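Below is one structure, written out as structure tokens, with a few remarks after it.
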Amino acid sequence: RVCQSVIETMGEAYPELVERGDRIGEVVRGEEERFQLTLDRGLVHLEEAVAKLEGGGEKVLPGDVAFRLYDTYGFPLDMTEDILRSRGIEVDRDGFERALAEQRERAREAHAEKAGGGDFTLVVAAARERGGSEFAGAFETSASSEVIALGRGGQPIERASAGEEVDLVAARTPFYGESGGQVGDTGRIVSARGAVLEVFDTQKPAPDVIVHRARVVEGEIEAGEEVELSIDAARREAIRLNHSSTHLLHAALRSHLGTGVQQAGSLVDEAHLRFDFSHPRAVSDGELAAIEDEVNEAIRANLDVAVEEMPYDQAIASGALAFFGDKYGDIVRVVRMGDYSVELCGGTHVRHTGDIGLLRLVSESSVAAGVRRVEAVTGAGALERVRRRDELLREISRLLKTKEEESVDRVERLLAAVRELERRIEALEQKQSGGLVDRVVASARETDGVRAVVARVDGVEAKAMRGLSDQVRERLGSGVVVLAAQVPSGVALTVAVTPDLTKRFHAGKMIQELAPLVSGRGGGKPDFAQAGGKDPAGIPALLERANELIG
209 RVCQSVIETM
219 GEAYPELVER
229 GDRIGEVVRG
239 EEERFQLTLD
249 RGLVHLEEAV
259 AKLEGGGEKV
269 LPGDVAFRLY
279 DTYGFPLDMT
289 EDILRSRGIE
299 VDRDGFERAL
309 AEQRERAREA
319 HAEKAGGGDF
329 TLVVAAARER
339 GGSEFAGAFE
349 TSASSEVIAL
359 GRGGQPIERA
369 SAGEEVDLVA
379 ARTPFYGESG
389 GQVGDTGRIV
399 SARGAVLEVF
409 DTQKPAPDVI
419 VHRARVVEGE
429 IEAGEEVELS
439 IDAARREAIR
449 LNHSSTHLLH
459 AALRSHLGTG
469 VQQAGSLVDE
479 AHLRFDFSHP
489 RAVSDGELAA
499 IEDEVNEAIR
509 ANLDVAVEEM
519 PYDQAIASGA
529 LAFFGDKYGD
539 IVRVVRMGDY
549 SVELCGGTHV
559 RHTGDIGLLR
569 LVSESSVAAG
579 VRRVEAVTGA
589 GALERVRRRD
599 ELLREISRLL
609 KTKEEESVDR
619 VERLLAAVRE
629 LERRIEALEQ
639 KQSGGLVDRV
649 VASARETDGV
659 RAVVARVDGV
669 EAKAMRGLSD
679 QVRERLGSGV
689 VVLAAQVPSG
699 VALTVAVTPD
709 LTKRFHAGKM
719 IQELAPLVSG
729 RGGGKPDFAQ
739 AGGKDPAGIP
749 ALLERANELI
759 G
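The sequence shown begins at 209 in the working numbering and counts up by one.
Now the structure itself:
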């Protein structure tokens, strides 16, 4: 209902909303259902935290726990407080605020790192006073220019010496600044006076400014100097292949999955490409094979790649794909690959699709509700992947002592044999477990009308301890069960109490007293609790103390 109201209100200004109304409603419904599941899981975690508090007689929920509920499960602090108020438990608000502040600081640092590690505001302003940057690297790998701004740590500087890092802006550069999903170039800058700088990243903090993040390896660089800028051409070529491939991949996805497919993000570097797109379900293996085949057909067709600037309206009228939500200027750059793909794009591309050589899809996965991700390799990377797969198949065939074409059948037979053995082992373990339960129950004693089992059960895996406790408790009918076992990680400990005795014996409180005897800690509810410990030597003392607690 809300979606429909928004579409009716905004549809005239944004026709895409009307065209994709059904899809929008489907995504919103899916988000609501997923959020409800997340809340339900969060309530389970909250209940566990409360049980632990009540077991220890505490009345304040730690702030970091409240923050985890907020951050992971979407619980507003007010909602957590409302739920806990009826249980007589408060929330450590100061601790929550500290955890929130720490996360914001981590996010700020991560954003700064993603943006090249710094604030370029003042450097951008200084560069704009000199006219800004011109990108000259669509097909060129070097250029001569003048340094129009230098900076470090967000502050403009006049010079930088050997061993120092510097943010450098040139009036004209072949270096591509990270944008549109394509990573920034690396390379070298040499000044007329002999200074040498290694460029390890290039950023584009503003449409008209390109910042080279560099390390001075020789001499001294000053603002106003003439410099020669050269990119790492081999790396750029690999990036070029991958960026052009994203356009071909986008077209193939729309061809096989429908025009509802829209780009939702991308990453293009020298090693691979990553393409996110809107789609309501996983792409089948058959669809992926057909998409990969179509991309490679376009590569083999060796289509001409033409780049042209034109007014935005003219570009859209010519059929170019623009992405809803992206911002475009009056003049846009159109990349056309034959009649197969036409998109608005500012990145670097091959001259002919045949330059790509080969594309291989590597994976397909979900990244968000209604958003899928495909990753791929191209060129030499794709050939290397094919070679590695061939080598892997040969090695598997050698280990299986069979022909390559018979490897799958051989593996299936081996897996069937393993499943049969696992079935037999499980049957034997159940038989042995039944015997162990009998022996443990037989050790029960009765004091003041309470049946109790306090036993050491070495050889039982930690993950099986709860099941064993439940079986023994059920066999007792009414009683208390304390089990301890030496395990590879140290000690596994459980306490189980039948419902009729939880007012006299609280499993959570008992385990909090017992666990320290084996250098452990744990907690739980009145009827069941578990703990882990590090010191098996303490098990005898633990069992003795358990008998004392039960009486």
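Ideal Cβ positions, reconstructed from N, Cα and C, are used throughout, including at glycine.
Just so you know, these numbers come straight off a predicted model, no measurement behind them.
Query raised in the report: Under a Cβ-count criterion, where at least 16 other Cβ atoms within 10 Å of its own Cβ denotes burial, should P284 be classed as buried or exposed?
Result: Its Cβ having fewer than 16 others within 10 Å, P284 is exposed.
Practice prompt. State the start and end residues of the unbroken alpha helix (DSSP H) segment that holds G732.
Written response: Careful: G732 lies outside any alpha helix (DSSP H), inside the beta strand (DSSP E) at 729-732.
Can you check which of these residues, L437, I447, D375, G371, is closest to V425 by C-alpha distance? G371
task = Would you check if the distance between the CB atom of V645 and the CB atom of V661 is smaller than 8 Å?
result = no
- Thinking C-beta only, is V435 closer than 8 Å to R336? Contact: no.
Counting C-beta neighbours from all protein chains within 10 Å, is the total for G271 16 or more, i.e. buried, or is it exposed? buried
Practice item. Assign F483 to buried or exposed, taking buried as 16 or more other Cβ atoms, counted over all protein chains shown, within 10 Å of its Cβ. Key: buried
Q) Roughly how many whole angstroms lie between the Cα atoms of E227 and V469? A) If you draw a straight line from the Cα of E227 to the Cα of V469, it comes to about 13 Å.
*Note down the Cα distance separating G219 from R541, rounded to an integer number of angstroms.*
Here the alpha carbon of G219 sits roughly 27 Å from the alpha carbon of R541.
Got a sec, what are the start and stop residues for the alpha helix (DSSP H) L358 sits in? Element bounds for L358: not the alpha helix (DSSP H) but the beta strand (DSSP E), 350-360.
For L591, the first and last residue of its enclosing beta strand (DSSP E):
Looking at the DSSP string, L591 is not in any beta strand (DSSP E); the run it does join, the alpha helix (DSSP H), is 587-608.
- Mind reading off the beta-carbon distance from A577 to R242? Whole number of angstroms is fine, and I expect it under 8 Å. 6 Å
H560 bridges to which residues according to DSSP?
-> D512
message: With the cut-off set at 8 Å, would you say E354 and A378 are in Cβ contact?
response: yes
Item checked: Sub-8 Å separation of M673 and L684 beta-carbons -> no
> If we ignore side chains and look at the alpha-carbon of each, how far apart do R421 and V374 end up?
Replying inline: 6 Å
Considering just the uninterrupted stretch of the alpha helix (DSSP H) at P223, what are its terminal residues? 223-227
Cβ-based burial, V695 [other Cβ within 10 Å; buried from 16]: Its Cβ being crowded by 16 or more others within 10 Å, V695 is buried.
Review point. For K671, which three-state DSSP category applies?
Key: helix
* Within its chain, find whatever has a CB closer than 7 Å to the CB of N504; leave out the 5 residues flanking it on each side and keep chain order. => L566, L567
Worksheet item: So who's on the other strand from A315, going by DSSP bridges?
Response: Note: A315 sits in no beta bridge, so no partner.
* To do: Evaluate the contact criterion for the stretch 716-726 versus the stretch 740-752: three or more CB pairs, one atom per stretch, below 8 Å.
  => The stretch 716-726 vs the stretch 740-752: in contact.
If distances are taken between C-alpha atoms only, which option among E517, A523, L461 comes closest to A497? L461
**Item:** Nearest-angstrom Cβ-Cβ length linking V513 and G527, presumed shorter than 8 Å
**Value:** Going by Cβ atoms, the distance from V513 to G527 rounds to 16 Å, so no, they are not a contact pair.
* To do: Using beta-carbon positions only, say whether A204 and L358 come within less than 8 Å of one another.
  => Shown here, the chain extends from 209 to 759; a query on residue 204 therefore has no answer.
- prompt: Between the beta-carbon of S303 and the beta-carbon of Y281, is there less than 8 Å?
  reply: First, the amino acid is wrong: residue 303 is Gly here, not Ser. No.
Enumerate, from N- to C-terminal direction, the unbroken beta strand (DSSP E) stretches of 3 or more residues contained entirely within the stretch 471-499. 471-476, 481-486
Can you give the Cα-Cα distance for T394 and E305, rounded to whole angstroms? 41 Å
Check your understanding: Just how far apart, CA to CA, sit R596 and H480?
Key -> If you take the alpha carbons of R596 and H480, they lie about 16 Å apart.
Classify E478 as buried or exposed, calling it buried when 16 or more other Cβ atoms lie within 10 Å of its own Cβ. buried
- Item | Sequence ranges, alpha helix (DSSP H) only - wholly within the stretch 673-710, length at least 4 | 673-684
Please classify A323: does DSSP put it in a helix, a strand, or coil? Bear in mind that the predicted position of A323 carries a pLDDT of just 49, short of 50, making it too unreliable to give a figure here.
For this session: Could you pull out every residue in the same chain whose Cβ sits closer than 6 Å to the Cβ of I232, ignoring the five residues on either side in sequence?
Result: C211
Helix, strand or coil: how does DSSP classify I439 here?
strand
Boundaries of the beta strand (DSSP E) in which P413 is found, first to last residue: 404-414
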